[in-house]
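Plus 258 on top of the position in the sequence shown (first one is 1) and you've got my numbering. The beta carbon of each residue, even a glycine, is placed where N, CA and C say it ideally should be. These notes are about the structure you will find just below.
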Amino acid sequence: MGLLDILNNKKIRVIEIPKWGHYLRNQWEFNFANHLTLEEKKAIYLHNASGARGYLWHLFSYEKKNCFKEAQAEIAFNNEPKSTCFVFYQHFDYALILEKSSMFTVDDLFAETDIYIVDREFNWTYVKTHETGRCGPYFARKVKCP
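Given below as C-alpha cells:
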C-alpha cells in the first residue's frame, strides 16, 4: 500500500502538487538552515556539488542544528499537533499538501525515504532519511530544540 492509499484510508485530505518540490526545499532551507553561511552549507554537502549528492538533512547529521533523533524524533512527530502539512522529497519535485492530518504518524512513512514533512508555517520538520537507523529520523523546530 502506497503513501496516498494510507493517507486516504485515514481520511486525510491529500492535494497533489507535483512541481512544488523545488520551492518547498528552498523554503525548508530558508527556515531551518538560514543560520549557516554558504561555505558551511558546502562543507556539509547541503546541496549537490562536485558530483556529490547533497541532502538537506545533513543539517542534522552534521549537528549544525539541534534536533531530536531516532526514537525521540518519532515520538516528537507523533505528538505534534498536525492540521495542514507539506510532504516533499529530496530528489523529486512531487509534493503533497495534507489537510486534517492529525492522524498522520511515522508508521505511515514505513516505505518512504529522504522525505520531509513540515507544518504550513515551517515551524517544525520531520525527516526520514535513506540511512534511517544510522542517520535519522530527525525532528526539529525552527526555534531551538532540546
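Beta-carbon proximity of TYR384 to GLN348, cut-off 8 angstroms: By 1-based counting over the sequence shown, the position of residue 384 is 126. By 1-based counting over the sequence shown, the position of residue 348 is 90. No; because the gap between Cβ atoms is not below 8 angstroms, this pair is not in contact.
Straight-line Cα distance separating GLU357 from ASP351: Counting from 1 along the sequence shown, the entry for residue 351 is found at position 93. Counting from 1 along the sequence shown, the entry for residue 357 is found at position 99. Between ASP351 and GLU357, the C-alpha separation is close to 20 angstroms.
Rounded Cβ spacing between GLN285 and PHE368 (contact assumed at less than 8 angstroms): In the sequence shown, counting from the first residue as 1, residue 285 sits at position 27. In the sequence shown, counting from the first residue as 1, residue 368 sits at position 110. At roughly 26 angstroms, the Cβ-Cβ gap does not stay under 8 angstroms, so GLN285 and PHE368 are not in contact.
Contact set for ILE273: own chain, Cβ-Cβ below 6 angstroms, skip 5 residues either direction: Locating residue 273 in the sequence shown gives position 15, where the first residue counts as 1. Cβ neighbours of ILE273 beyond the five flanking positions: ILE355.
Cβ pair GLY279, PHE346 closer than 8 angstroms: Working through the sequence shown from its first residue, we reach residue 279 at position 21. Working through the sequence shown from its first residue, we reach residue 346 at position 88. Closer than 8 angstroms, so yes.
CB of ILE270 within 8 angstroms of CB of PHE362, strictly: If you number the sequence shown from 1, residue 270 lands on position 12. If you number the sequence shown from 1, residue 362 lands on position 104. Taking C-beta atoms as the reference points, ILE270 and PHE362 count as a pair closer than 8 angstroms.
SER319, buried or exposed, once every other Cβ within 10 Å from all chains shown has been counted against 16: For this step, residue 319 is matched to residue 61 along the sequence shown. SER319 comes out buried.
For LYS327, the residue or residues it bridges with in DSSP: Residue 327 sits at position 69 when you count from the first residue of the sequence shown. DSSP lists TYR396 as partners of LYS327.
Beta bridge counterpart(s) of ASP377 as assigned by DSSP: Numbered from its first residue, the sequence shown carries residue 377 at position 119. ASP377 pairs with CYS343.
Residues that DSSP places opposite TYR313 in a beta bridge: Position 55 of the sequence shown, counted from the start, is the residue given in the question as residue 313. Note: TYR313 sits in no beta bridge, so no partner.
Residue environment, SER359, which counts as buried when at least 16 other CB atoms sit within 10 Å: Counted from its first residue, the sequence shown places residue 359 at position 101. The residue is buried, with at least 16 neighbouring Cβ atoms inside 10 Å.
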